[in-house]
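In our numbering, the protein residues as written are 1 to 223. Structure first, then comments.
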């Protein structure tokens, strides 16, 4: 039984071929990340389908996303909702937001997705100040150094039962590096410590291997 990275990627592709339907709009969206400043960091098709299923399982009608890129994960989540659902997605890059809006139009979800451009934490605080209706599901997939701050903002925008997913919490095992000076690793480790001590949250995390190598995601629920 193979355990090399090439095998992990091949299994991901095999599973997606049988289980995940990526239509033309989704495929074009994934490829269009090449037009952004950080190409190729969007979630895989398997993860996109997983996010869509979480939206459906949780019954979410309002989703908040930290990190838009080309809009790939946004489309998966928006399509999992009824027409009256809403996704608010936050991104610092106006050029990426322009690409994402084009993709939302092509995917038929433009009416359900709103992009807020600017530092994600600033946008989240603006939502808090606006007394935005609480969100049912939050997906955090932006700069990892700010994960603790994104979590606190998410909690302020949540209600009991809100589902929070935080991507890329393993980083090829680098999360174990206690002496790391990498801001992203420090952000993840601080995030885990905060969740451990926070009685408002029940959480777990799972490691993943596949097209994006060795990583993992955290899944939490607001109590």
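Ideal Cβ placement from N, Cα and C applies to all residues, glycine included. In this text the structure is predicted, and so the values were computed from the model without any measurement.
Beta-carbon contacts of residue i that lie in its chain and below 8 Å, excluding the five residues immediately before and after
i: residue 81; result: 55, 60, 61, 63, 87, 112
i: residue 172; result: 213, 214, 215
i: residue 182; result: 174
i: residue 37; result: 93, 95, 96
i: residue 13; result: 211
For residue i, three-class secondary structure by DSSP
i: residue 90; result: strand
i: residue 41; result: coil
i: residue 130; result: coil
i: residue 194; result: helix
i: residue 144; result: helix
i: residue 232; result: Nothing can be reported for residue 232, as the shown portion of the chain is limited to 1 through 223.
i: residue 222; result: strand
i: residue 121; result: helix
i: residue 55; result: helix
i: residue 177; result: coil
i: residue 162; result: coil
i: residue 29; result: helix
i: residue 20; result: coil
i: residue 105; result: helix
i: residue 97; result: helix
Residues bridged to residue i (per DSSP)
i: residue 217; result: 167, 206
i: residue 65; result: 89, 139
i: residue 201; result: 222
Anticipated Cβ contact below 8 Å, residue i with residue j, distance rounded
i: residue 151; j: residue 192; result: 10 Å between Cβ atoms; not a contact.
i: residue 67; j: residue 141; result: 4 Å
i: residue 70; j: residue 103; result: 6 Å
i: residue 134; j: residue 155; result: About 10 Å separates the two Cβ atoms, so there is no contact after all.
i: residue 206; j: residue 217; result: 6 Å
i: residue 90; j: residue 132; result: Rounded, the Cβ-Cβ distance is 12 Å, inconsistent with contact.
Cα-Cα separation between residue i and residue j, rounded to whole angstroms
i: residue 148; j: residue 190; result: 7 Å
i: residue 98; j: residue 123; result: 17 Å
i: residue 53; j: residue 153; result: 24 Å
i: residue 210; j: residue 10; result: 8 Å
i: residue 138; j: residue 176; result: 25 Å
i: residue 164; j: residue 219; result: 6 Å
i: residue 196; j: residue 127; result: 26 Å
i: residue 161; j: residue 58; result: 9 Å
i: residue 78; j: residue 85; result: 7 Å
i: residue 199; j: residue 159; result: 14 Å
i: residue 208; j: residue 42; result: 15 Å
i: residue 105; j: residue 146; result: 30 Å
i: residue 18; j: residue 44; result: 14 Å
i: residue 100; j: residue 114; result: 10 Å
i: residue 31; j: residue 46; result: 16 Å
i: residue 65; j: residue 129; result: 18 Å
i: residue 73; j: residue 33; result: 12 Å
i: residue 27; j: residue 51; result: 16 Å
i: residue 230; j: residue 23; result: No answer is possible for residue 230: the residues shown for the chain start at 1 and end at 223.
i: residue 39; j: residue 170; result: 20 Å
Other residues of its chain near residue i: CB distance less than 7 Å, five sequence neighbours each side excluded
i: residue 144; result: 168, 184, 187, 188
i: residue 109; result: 75, 78, 79
Cβ-based neighbour list, residue i, same chain, cut-off 6 Å, excluding 5 preceding and 5 following
i: residue 107; result: 25, 75
i: residue 166; result: 140, 218
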